[in-house]
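Q: This structure is in structure tokens; I'll ask about it shortly.
Numbering (the working numbering), first residue to last: 427 to 657.
Shown next as structure tokens:
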């Protein structure tokens, strides 16, 4: 196994550097790890008061604090609404900019407090009001949607015939990007790939997976019945 510290945008270059022209399958886990959330001072979470960094690779780019320092109110509202899907995006952006005018927002605790003040509390709330804003800023800082888009197309170009292509997504924004790309590839792919058949991609839906899951269980039961027991 060859472990590489990089991002999706470098996928093709990484394969080329290793002389890999085609692959048997591709699996992407899009989730942020617990280690990233709970430590390392990345500022991904508001559980601890940390520097507002949010970069997955701290050797490149600007921190979230630096980028937020110069972002306009309307652009910030767009970021929160698009990547966090928060209906209070404009209210949050307005209060953030007014706070920023007299206080440098540079820690996770400060950002979370601004969001909580901006979002009206009505009874029980399942998640902290700051959750969606933190998700949005992290996605924006790391250009995660752009990276995912590029990787999906780059990976499918390198698939061999019969290869499997799977993505583990964790929120609706990622889910929509993946589903849109997969459905497009299944219906009418104009991507030049290694598979030389009419239907390049077959989308494995829940019905397909349930049938094969049942078959696997039945096989396991039959195998258990026929294998001799050891005492």
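Beta carbons are placed, not taken as given, at the ideal position from N, Cα and C, and that holds for glycine.
Alpha carbon to alpha carbon, what distance is there between residue 471 and residue 620?
A: Unreliable placement is indicated for residue 620, whose pLDDT of 46 sits below 50; the coordinate value is still reported in the next sentence. Computed Cα separation, rounded: 41 angstroms.
Q: Grab the span of the beta strand (DSSP E) containing residue 586 for me, first residue to last.
A: Residue 586 -> beta strand (DSSP E) spans 585-594.
Q: Alpha carbons only, please: which of 582, 603 and 577 is nearest the one belonging to residue 437?
A: The candidate whose alpha carbon is nearest that of residue 437 is 577.
Q: DSSP three-state call for residue 455: helix, strand or coil?
A: It is a strand residue.
Q: Leaving aside the five residues before and after residue 521 along the sequence, list all residues of the same chain whose C-beta is less than 7 angstroms from its C-beta, in chain order.
A: Counting only Cβ-Cβ distances below 7 angstroms, and skipping sequence neighbours, we find 540, 543 and 544.
Q: Which word fits residue 430, buried or exposed, when buried means at least 16 other C-beta atoms lie within 10 angstroms of its C-beta?
A: So residue 430 ends up on the exposed side.
Q: Where does residue 446 fall in DSSP's three states?
A: It is coil, neither helix nor strand.
Q: What is the DSSP secondary structure of residue 525, reduced to helix, strand or coil?
A: Helix at residue 525.
Q: Using the DSSP secondary-structure output, state which residues sit across from residue 477 in a beta bridge.
A: Paired residue(s): 533.
Q: Quick check: the Cα distance between residue 464 and residue 504, rounded to an integer number of angstroms?
A: When rounded, the distance between both Cα atoms is 28 angstroms.
Q: Can you name, in chain order, every residue of its own chain whose Cβ lies under 6 angstroms from the Cβ of residue 510, other than the five neighbours on each side?
A: Cβ within range, chain order: 558, 559, 561 and 562.
Q: Using 8 angstroms as the threshold, is the C-beta distance between residue 552 and residue 441 below it?
A: No, the pair does not count as a contact, with Cβ atoms beyond the cut-off.
Q: Can you list, in chain order, the stretches of the alpha helix (DSSP H) that have 4 or more residues and sit fully within the region 478-514?
A: Correct list: 490-495 and 499-510.
Q: Would residue 478 and residue 529 be called neighbours here (beta carbons separated by less than 8 angstroms)?
A: Against a cut-off of 8 angstroms, the Cβ pair of residue 529 and residue 478 comes out as no contact.
Q: Given that a residue counts as buried once 16 or more other Cβ atoms are within 10 Å of its Cβ, and exposed if not, what is residue 480?
A: It is buried - the Cβ of residue 480 has at least 16 other Cβ atoms within 10 Å.
Q: Take residue 537 as the anchor and find which of 582, 427, 523 and 482 has the nearest alpha-carbon.
A: The option with the nearest alpha carbon to residue 537 is 523.
Q: Smallest Cα separation from residue 443: which of 428, 590 and 573?
A: Comparing Cα-Cα distances from residue 443 to each of 428, 590 and 573, the minimum goes to 428.
Q: Enumerate in chain order the residues of its own chain whose CB-to-CB distance from residue 482 is below 6 angstroms, with the five nearest sequence positions on each side excluded.
A: These residues qualify, in order along the chain: 568.
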